[in-house]
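**Q** Okay, here's the structure, questions in a sec.
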Amino acid sequence: MSKILITSALPYINGVKHLGNLAGSMLPADVYARAMRLMGHEVLYICATDEHGTPAELAAQAAGVDVGQYCTQMHEEQKAAGAQFKLTFDYFGRSSTPSNHALTQHFAHVLEENGLIEERVSQQVYSNADGRFLPDRYVEGTCPNCDFEKARGDQCDNCGKLLDPIDLINPYSSVSGSTDVEVRDTNHLYLKQSDMADKLRDWVNAAEGWPPLATSIALKWLDEGLRDRAITRDLKWGIPVTNKDGSVREGFEGKVFYVWFDAPIEYIAASQDWAAETGNDWESWWRTDNGKGDKDGEGVQYVQFMGKDNVAFHALSFPTTLIGSGEPWKLVDHIKAFNWVTWYGGKFSTSEKRGVFMDQALDIAPSDYWRWHLTANAPEGNDAAFTWEEFQASVNSDLANVLGNFVNRITKYCGGKFEGKVPAGGEPGEAEAWLVAELETRIPQLVSYYEAREFRKAMAETRAIWAAGNEYLTQAAPWTHYKTDVEQAAIGVRYGLNLVALFGVLAQPIIPDAADKILSAMNIPEDNRTWNFGDIANIVEALPIGHEISAPDVLFAKIEDTDVADWTERFGGGA
RNA sequence: GGUGGGGUAGCUCAGCUGGUUAGAGCGCAGGACUCAUAAUCCUGAGGUCGUGAGUUCAAGUCUCACUCUCACUACCA
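Using numbering that gives the first Met the number 0, the letters of the first sequence correspond one by one to residues 0 to 574.
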């Protein structure tokens with residue numbers, strides 16, 4: 000048993016997340032956390048809302064509420080959505096908490112003491128009408144390259160050219176539409192990532208168990224030459240830039256730290272909040288000194304889950320913060336990066352309302368359906384296409400037919416012929432030997448896929464185990480034997496019931512609601528639901544003779560073609 | 001523009017350091033069974049592995065060119 004620290008990239012506060020966000024960080028992290036817990040590991044799974052930045056301020060403004068209130072409200076909504084998807088965070092924090100303020104400021108101080116922070120002046124567009132500096136993206140104007148009139152300050156959507164907002168013709172604020180904008184000097188703190196490039200490269204090269212996606216993105220940035228990054232912004236909402244005594248740093252009134260500086264620090268701060276609320280010790284997870292944490296290679300394994308857009312920040316910027324502090328912080332061991340879930344050829348998009356969002360998803364199907372489909376089709380190697388037809392197919396085939404029907408057929412048969420009790424008798428034969436051999440190869444394989452965080456493969460293996468149950472019943476055919484030899488029928492039923500229990504146990508990380516229904520119907524006590532498989536040959540005889548079971552209600556209602564047609568209409572997918 | 005992924009059966013995807021007849025699921029066709037949510041099980045059809053060259057005894061797997069597509073490109077997060 001070991002300690003496994005798990006974090007999902009922090010969902011941004013601005014609105015309910017879509018299924019792409021869920022599938023690319025929170026859901027796989029939860030599946031992994033659950034599996035690791037079942038294997039007996041000590042797990043700390045941390046997530047939080049990322050609450051700072053311009054979009055949060057603007058969204059609050061648009062909603063006509065104070066930004067703090069807005070964030071509180073959205074935090075509660077996201078927390079509720081996560082709970083409805085059965086995400087088992089040990090703690091779901093907020094990046095705007097006092098703990099994160101203090102820790103972020105602490106890091107800035109020690110980084111500056113170590114010579115890794117420098118104050119520089121840059122030019123930024125200021126909007127008089129809005130009374131604020133504008134990020135490049137929020138300045139629009141005519142593209143100097145192609146004359147497109149709604150080019151953004153960072154890139155023209157029409158010709159794709161990268162732009163500097165200063166180059167735009169007739170620039171205006173995309174917030175208010177005002178053309179009363181000007182370029183002003185502004186001073187900011189820069190994190191000297193370039194000084195850390197060699198150390199980071201060594202660290203990335205030494206990393207093991209990262210998907211190629213993560214390593215290649217990190218090395219790409221290093222190869223292109225790591226640039227120093229501004230870690231402050233001209234905003235009111237955020238973490239103030241302070242001196243060590245807590246007073247505001249001179250010249251940094253009206254400025255706060257950049258969200259990307261404070262967001263990863265929130266992983267630690269949220270752990271502190273978790274510890275404070277639960278009486279646990281956060282340092283044993285995050286510090287490598289004093290015999291705590293990762294000392295001597297034992298102890299904590301830290302795994303981060305994120306979409307590919309987050310890799311640079313987690314593989315380079317955040318490590319720069321931690322290593323640069325000179326303090327004994329735990330660095331990530333495994334970065335699990337995902338591609339995108341695509342939606343009928345394009346990306347899910349919050350702003351364009353393309354795709355399905357977490358709250359809508361639960362209106363149309365139970366969380367188990369989504370958990371299964373999105374994990375079995377996780378965008379691990381490539382972007383993964385989401386279609387309603389595929390969703391319907393995997394739910395109906397995998398969940399309803401292969402798993403649900405298996406549970407249903409054998410439990411009902413047991414109820415009808417054996418009074419709902421695990422029957423004794425019968426001699427194991429060819430079918431039983433085949434089944435045991437199947438389990439002996441597949442279960443260890445499944446465990447190793449989980450350990451390697453290969454989600455698609457783990458799901459395929461899980462499904463194969465379920466399918467083996469159906470094949471076993473075909474071979475054992477208790478309904479045939481029952482006519483001539485009840486004992487021979489009994490062993491088929493008994494093995495079948497033990498498989499139901501096993502399937503429930505294996506399903507827990509993925510489809511927790513259905514797993515619980517199965518295990519409850521099988522009368523399996525809570526402490527017998529772990530993944531301590533021991534001798535796999537014993538699994539098929541684990542239930543005591545005479546143990547009472549019941550047939551659960553239909554576990555998975557099928558998705559009808561009419562549902563697909565309806566959803567296609569409502570959500571604009573298809574074609 | 002630059003960089004990095006991809007382009008493998010009708011669909012969604014596996015294929016590690018090159019090595020016998022290229023795999024899975026879905027879908028499709030045929031068969032079996034009847035305990036079960038018309039579910040399940042078996043068998044089968046179906047691919048010149050984006051295009052064109054090259055290296056090699058041997059390439060989906062390496063090299064080059066071309067093409068299509070997606071992402072990233074540091075002030076959205």
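Backbone N, C-alpha and C define an ideal beta-carbon position, used for all residues, glycine too.
Would you say residue 256 and residue 238 are within 7 Å of each other, going by their C-beta atoms?
**A** It is a contact, given that the beta carbons lie within the stated cut-off.
**Q** Leaving out the 5 sequence neighbours to the left and right, which residues in its chain are closer than 6 Å to residue 203 when beta-carbon positions are compared?
**A** Within the same chain, residue 203 has close Cβ partners 217.
**Q** Using the C-alpha atoms, what's the distance from residue 435 back to residue 461?
**A** C-alpha separation (whole angstroms): 15 Å.
**Q** Taking residue 127 as the reference, which of 134, 315, 177, 137 has the closest Cα?
**A** Closest option to residue 127, Cα to Cα, is 177.
**Q** Just tell me which of 489, 488, 454, 518 has its CA closest to the CA of residue 34.
**A** The candidate whose alpha carbon is nearest that of residue 34 is 454.
**Q** Which one of 470, 540, 478 has the shortest CA to CA distance from residue 500?
**A** Measuring from the Cα of residue 500, the nearest candidate turns out to be 540.
**Q** Is the CB-CB distance between residue 69 and residue 59 below 7 Å?
**A** In contact: residue 69 and residue 59 (Cβ atoms closer than 7 Å).
**Q** Report back the beta-carbon spacing between residue 378 and residue 22 to the nearest angstrom; my notes put them in contact at under 8 Å.
**A** Confirmed, Cβ separation roughly 7 Å.
**Q** Leaving out the 5 sequence neighbours to the left and right, which residues in its chain are closer than 7 Å to residue 309 when beta-carbon positions are compared?
**A** Once the five neighbours on either side are set aside, the close Cβ partners of residue 309 are 8.
**Q** Take every Cβ of the segment 359-366, pair it with every Cβ of the segment 146-155, and state whether three or more of those distances are shorter than 8 Å.
**A** Contact between the segment 359-366 and the segment 146-155 is absent, because fewer than three Cβ pairs lie under 8 Å.
**Q** Using only the alpha-carbon positions, how far apart do residue 332 and residue 56 sit?
**A** Using only the alpha carbons, I get a separation of about 34 Å.
**Q** I'd like to check one pair, residue 180 with residue 137: are the Cβ atoms closer than 7 Å?
**A** No, Cβ-Cβ distance for residue 137 and residue 180 is not below 7 Å.
**Q** Just to confirm, is the Cβ distance from residue 394 to residue 558 under 7 Å?
**A** The answer is yes: Cβ separation under 7 Å.
**Q** Please go through the same chain and pick out, in chain order, the residues whose beta-carbon is closer than 7 Å to the beta-carbon of residue 419, but skip the five residues on each side of it.
**A** Same-chain partners within the cutoff: 413, 547, 548, 549.
**Q** With distances taken Cα to Cα, identify the nearest neighbour of residue 232 among 171, 304, 122.
**A** Closest by alpha carbon: 122.
**Q** Quick check: the Cα distance between residue 285 and residue 248, rounded to an integer number of angstroms?
**A** Straight-line Cα distance between these residues: approximately 29 Å.
**Q** Residues in the same chain with beta-carbon distance under 8 Å from residue 554, minus the five sequence neighbours each way, listed in chain order, please.
**A** Answer for residue 554: 398, 399, 402, 403, 406, 407, 513, 516, 517, listed in chain order.
**Q** To the nearest whole angstrom, what separates the beta carbons of residue 80 and residue 15, a pair I think is in contact under 8 Å?
**A** Their Cβ separation, rounded to whole angstroms, is 6 Å, which keeps residue 80 and residue 15 in contact under 8 Å.
**Q** So residue 490 and residue 425 are supposed to be a Cβ contact under 8 Å. How far apart are they, rounded?
**A** Right, the Cβ-Cβ distance comes to about 3 Å (below 8 Å), so this counts as a contact.
**Q** Using DSSP's beta-bridge definition, name the partner residues of residue 186.
**A** Answer is 120.
**Q** Determine the closest residue to residue 432 out of 536, 383, 415, with distance taken between C-alpha atoms.
**A** Measuring from the Cα of residue 432, the nearest candidate turns out to be 536.
**Q** In the DSSP assignment, the alpha helix (DSSP H) including residue 87 goes from what residue to what residue?
**A** Counting along the chain, residue 87 falls outside any alpha helix (DSSP H), and DSSP gives it neither H nor E.
**Q** Taking the beta carbon of residue 493 as the centre, do at least 16 other beta carbons fall within 10 Å, making it buried, or is it exposed?
**A** Flag for residue 493 reads buried.
**Q** To the nearest angstrom, how far is it from the Cα of residue 569 to the Cα of residue 347?
**A** If I take the Cα positions, the gap works out to 15 Å.
**Q** With which residues is residue 299 paired in a DSSP beta bridge?
**A** 2, per the DSSP bridge assignment.
**Q** Does the count of Cβ pairs from the segment 479-489 and the segment 559-566 closer than 8 Å reach three?
**A** Counting Cβ pairs under 8 Å, fewer than three are found: no touch.
**Q** Please report the distance separating the alpha-carbon of residue 336 from that of residue 313.
**A** Roughly 10 Å between the two C-alpha positions.
**Q** Where do the N-terminal and C-terminal ends of the beta strand (DSSP E) with residue 46 fall, by residue?
**A** First-last of the beta strand (DSSP E) with residue 46: 41-48.
**Q** Residue 502 and residue 465: beta carbons closer than 7 Å?
**A** Their beta carbons are under 7 Å apart, which means residue 502 touches residue 465 by this criterion.
**Q** Hey, how far is the Cα of residue 475 from the Cα of residue 524?
**A** So the two alpha carbons sit approximately 28 Å from each other.
**Q** In whole angstroms, give me the CA-to-CA distance for residue 48 and residue 185.
**A** C-alpha separation (whole angstroms): 28 Å.
**Q** Suppose you measure from the CA of residue 276 to the CA of residue 108; what does that come to, to the nearest Å?
**A** Whole-angstrom Cα-Cα distance: 27 Å.
**Q** Could you tell me which residues DSSP puts in a beta bridge with residue 328?
**A** Its beta-bridge partners are 286.
**Q** According to DSSP, is residue 557 part of a helix, a strand, or is it coil?
**A** Residue 557 falls in the coil class under three-state DSSP.
**Q** Could you have a look at residue 17 and say whether DSSP puts it in helix, strand or coil?
**A** It is a strand residue.
**Q** Applying the 10 Å Cβ sphere with the 16-neighbour rule, what's the burial state of residue 3?
**A** Buried, since its Cβ has 16 or more Cβ neighbours within 10 Å.
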